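If you read the sequences in order, they're chains A and B. Residue numbers for the first sequence follow my numbering, beginning at 25 and rising by one. Residue numbers for the second sequence follow my numbering, beginning at 137 and rising by one. The beta-carbon is built from N, C-alpha and C at its ideal position, and this holds for glycine as well. Every value quoted in this text rests on a predicted model; they were computed, and no experiment measured them.
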Amino acid sequence: MPLAFTEGFSPRPKMHFGPALPTCYASTSEYLDVNFQEGALTPCGLEGLAQTLTEMLPEGMEVLRAVETDPRARSLMSAVELVEYVVPLRTAPSALDAALQRFLDRCAIPLTITRKGREKTVDLRSGVLALRSFCLDGPLPARVVAADFQEWREFPLLWMQLATTPRTARPTEVLDVLNEESEREVCEAWLCHRTAQLFSSETGREEPLPRRANTIALPDEDLWDGTGAKEVCYREEFVDENMKKSLLSKTVKGY
Amino acid sequence: MTASVNTTLWHKIEALLPGVSRPARYIGAEGNIIRKHPDPDMVRWLLIFPDTYEVGLPNLGLQILYELLNDQPCAQAERAYAPWPDMAASLRAHGLPLFSVDRHEPATAFDLLGFTFPSELLFPNLLECLDLAGLALRATDRRPSDPIVLAGGHALFNPEPIAAFVDAVVLGDGEEVTLEVNETVRAWKGSLSPSGPQSEEKTALLRLLAGIEGVYIPSLYDVSYAEDGRVTRVFPVDQAAPARVEKRTIADLGDVPYPRQPLVPVTEVVHDRLNVELFRGCTRGCRFCQAGMITRPVRERPPEQVRQMIRDGLSTSGYEDVSLLSLSSADYSDIDPLLAGVMEDNAQDKVSISLPSLRVDAFTVGIAAKVATVKKTGLTFAPEAGTWRLRRVINKLITEDDLFAAVESAYQVGWKRMKLYFMIGLPTETEEDVQGIATLAKKVLEIGRKYSKGASCTVSVGGFVPKAHTPFHWYGQDTPDVLRQKIDLLKTQLRGTKAKLSWHDPAATEAEGILSRGDRRLADVIEQVWRSGGVFQEWGEYFSLDLWLEAMTACGLHSEFYVRRERGEHEVFPWEHIRAGLEQEFLWNDWQEALQAGVVEDCRWTPCYDCGVCTDYGLENMVGSLQPPAGGSQGTGQALPVPTPVSLLPRPAVKKQVRTAAG
């Protein structure tokens, strides 16, 4: 592929990732910006890009779409403001919803983390914007595709929306706090899934490349399926500098 | 990831992954992975590298057999690597077995478990893998329906320490013999009743396997010992077993162009590049070097095939670095035109070529510089010993001028870091020889300073372990204390210089020494080490000499006997019945020459010394050129500053018999 390379003694392809997916998480929503050599990629080449990459990637990783973006756009790292996860639970307390409500009712949840060998206390609560349980047979949270979770149809699923600043909370940290309450009835997770990464835009927060037919739901208006969905059209911008492609990749097993 | 048969353990294993370090070790999913659907007519192989995935994945031998077997209509092969202790504990806690990374099937779903052993300290991991597989450790305790446990690799040219744990050992090049084993097992499987093999049928299979050249069935042999503990006889106890088991050799590597589609891992591994084999065998005659002795004669891959393998390998793998492997890559007779051709093939791309195992001379550095298109970080040379006298003893015939010219041209063209590899504890070594290491390092730094202020030199020393089938297998190894003193001497000598000293743990050298020349009695020791938690003994964080010494004591054995004892001319070695083609008489004479610092030149370009390999196996060195490659004293064939005291025999007529008379 006609990739653009960094200058210098050991040139590397110009690629930029969004917030890293924790090890052993699955994802259906990962983004990657790739720079190509000027004029190297025709619109036709862009169409075939997703398929070509999917063929080359390890089994379980699929590139769903590739679009051209403005090279002046904010980096993925700074543009992603919210991430959403779905966590199928193999065990859960009988009063799961009440436990979630108690979590949300707390003003602050101090959490001690070790960073670069130093202990530091952060607030977990402020990073958790939404936390709900659902099952596949009922109404689904926005942006959750039922087909992705068929394996866990019999299990309760947790849906959470987490902020990326000042620090991205991890779903497992939320589970740990929930489990502090009880020794017997604990939440044990199957594979955690990242289901969405949201940027802010004029119209609210949205996924840069939604998975289903360009329809998204706006989290601030309605978090649930069906209502509030809105058509979003992507503008093709002509770029005469290095073309920058955003790739939406579906990582079924992300390691 | 959905596997096509219901025996896959994937979902259960996946659930363990968040709790273990480096989970990518266990998922497989490499580029060029072969997921062949097994059917009942196929013999199913699980090829196991008994170390971590990162170390095992690039192993060329395993990749060759993996692809070769899967190319056969009647074979199916998958791979497994030793799970790290955290994963092993997790598997045990959840009642899960050792599994393949290809389709995540349990080890016992396979007909054969094929282990490869590049080094002896991996032996306890054999037991770890067998136990995780749910199998009894000792071959005699396993059920007839259990998989057949097979092992091969350089370390098994003395297979006796693990003889009790394996059903069969394969000696030498694996390509042909593996297919013969496959065919034998296939026919045997076809003859079984649906209830599976009975004990007699398993024995019958082992007797059939014993008839394949290169296959050793330990259970068909017995050993007798003298009162002082020495082996007096190793003898077959079954008519199907030959008195001596000969290694297998591929006469022409052009016949086996594998691997065609190298595996590309999804996680970082060692040697993470395209590895292409240039040749097997080496006839430099370095006396310490087991690899050079047991892989004779030299067999070069045809240059057009090497070019093809590089072209195809790069395009199917996406790698941008190629490493040309052999025991001494600059000795490939057509190296210059070959490299020019490879460069031409890849002129458009950012491909970098490296030649590990560099010969020490300026010519070699010149060709390395031509092909290293990326930044030149470090270059490694292995003079092995500090003085010309000691290098004659070990027959590593590098003069100081060769080394200095090599280093000079390397610094000149932009390399800044030199790494010099040496051994300590070599036969006849004196304090002067050890000091010689420091002297060479200082001189190398001095040369470097002419070209760069940042010139550096790392001196890496390892304790010498005598290996089976070498002229040094009679020698008594240094104690860890003596090795430590020698390291201390080097530390003192190099203090205040810019040379950095690194060394291999002398305690590990001792344990390696116990196993390298060990006999069947060590089975109990290996088992006790494993039972005491001694896995991954190649890894500093898990190695413990105390575990080994305690186990030796508990079994009534002494490391002095195995490691320190200098053997006499008529010593019967535990591997007496295992043949790499080398005549014991040749090795003994070479050992005596060594003690006199007498040298042997490379038999590629001089008359035959009759080591036994070519004459016994009907083979010849297979080189592309009758002229030695250009270069320093090693390459040009310039007269060395000492006369060659070995008498030169005329090249013998090659006997076209494949097997020597047994006995």
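Report yes if the C-beta distance between residue i and residue j is below 7 Å; otherwise report no.
{"i": "C422/B", "j": "L463/B", "result": "no"}
{"i": "F301/B", "j": "L262/B", "result": "yes"}
{"i": "V820/B", "j": "A733/B", "result": "Absent from the structure is residue 820/B, since the part of chain B shown begins at 137 and ends at 799."}
{"i": "Q621/B", "j": "V699/B", "result": "no"}
{"i": "S335/B", "j": "P280/B", "result": "yes"}
{"i": "E105/A", "j": "S225/A", "result": "no"}
{"i": "E646/B", "j": "P616/B", "result": "yes"}
{"i": "K636/B", "j": "L581/B", "result": "no"}
{"i": "G801/B", "j": "V601/B", "result": "Nothing can be reported for residue 801/B: it is not among the residues displayed for chain B, which extend from 137 to 799."}
{"i": "Q221/A", "j": "S102/A", "result": "no"}
{"i": "R218/A", "j": "S99/A", "result": "no"}
{"i": "A498/B", "j": "S545/B", "result": "yes"}
{"i": "G584/B", "j": "A577/B", "result": "no"}
{"i": "L234/B", "j": "A275/B", "result": "no"}
Express the C-alpha separation of residue j and residue i in angstroms, rounding to a whole number.
{"i": "A193/A", "j": "L124/A", "result": "16 Å"}
{"i": "E190/B", "j": "E264/B", "result": "18 Å"}
{"i": "A822/B", "j": "V434/B", "result": "No answer is possible for residue 822/B: the residues shown for chain B start at 137 and end at 799."}
{"i": "E436/B", "j": "D391/B", "result": "12 Å"}
{"i": "E312/B", "j": "P395/B", "result": "14 Å"}
{"i": "E707/B", "j": "K589/B", "result": "54 Å"}
{"i": "A521/B", "j": "F558/B", "result": "6 Å"}
{"i": "P519/B", "j": "V736/B", "result": "17 Å"}
{"i": "A797/B", "j": "S360/B", "result": "Bear in mind that a pLDDT of 34 at A797/B, under 50, signals an unreliable position, so the number given afterwards is only what the model happens to contain. Roughly 23 Å between the two C-alpha positions."}
{"i": "I133/A", "j": "T145/A", "result": "10 Å"}
{"i": "M688/B", "j": "L681/B", "result": "11 Å"}
{"i": "A376/B", "j": "G192/B", "result": "34 Å"}
{"i": "G449/B", "j": "S488/B", "result": "14 Å"}
{"i": "V671/B", "j": "L683/B", "result": "11 Å"}
{"i": "I169/B", "j": "G332/B", "result": "31 Å"}
{"i": "I560/B", "j": "V478/B", "result": "38 Å"}
Under the rule that 16 or more other beta-carbon atoms within 10 Å means buried, what is residue i, buried or exposed?
{"i": "K532/B", "result": "buried"}
{"i": "F33/A", "result": "exposed"}
{"i": "G550/B", "result": "exposed"}
{"i": "D246/A", "result": "With a pLDDT of only 37 at D246/A, under 50, the local geometry of the prediction cannot be trusted, and the value read off the model is given with reservation. By the 10 Å Cβ count, D246/A comes out exposed."}
{"i": "P330/B", "result": "exposed"}
{"i": "L257/B", "result": "buried"}
{"i": "R416/B", "result": "buried"}
{"i": "G428/B", "result": "buried"}
{"i": "F371/B", "result": "exposed"}
{"i": "G72/A", "result": "exposed"}
{"i": "I200/B", "result": "buried"}
{"i": "C747/B", "result": "buried"}
{"i": "D161/A", "result": "exposed"}
Looking at the structure shown, is residue i part of a helix, part of a strand, or coil, going by DSSP?
{"i": "W183/A", "result": "strand"}
{"i": "V201/A", "result": "helix"}
{"i": "I137/A", "result": "strand"}
{"i": "E363/B", "result": "coil"}
{"i": "I184/B", "result": "strand"}
{"i": "Q548/B", "result": "helix"}
{"i": "D121/A", "result": "helix"}
{"i": "K586/B", "result": "coil"}
{"i": "F223/A", "result": "strand"}
{"i": "Y357/B", "result": "strand"}
{"i": "Q441/B", "result": "helix"}
{"i": "D57/A", "result": "strand"}
{"i": "S490/B", "result": "strand"}
{"i": "N206/B", "result": "helix"}
{"i": "W684/B", "result": "helix"}
{"i": "H147/B", "result": "helix"}
{"i": "S668/B", "result": "coil"}
{"i": "F600/B", "result": "coil"}
Taking only beta-carbon atoms, is residue i less than 7 Å away from chain E?
{"i": "A275/B", "result": "The structure shown has no chain E; the protein chains it does contain are A and B."}
Three or more C-beta pairs under 8 Å: does that hold for the stretch 365-385 of chain B against the stretch 659-676 of chain B? no
Contact the stretch 110-126 of chain A vs the stretch 81-100 of chain A: 3+ CB pairs below 8 Å: no
Quick check: the stretch 318-326 of chain B against the stretch 174-186 of chain B, are there 3 or more CB pairs under 8 Å? yes
Is the stretch 445-465 of chain B in contact with the stretch 303-321 of chain B, if contact means three or more CB pairs nearer than 8 Å? no
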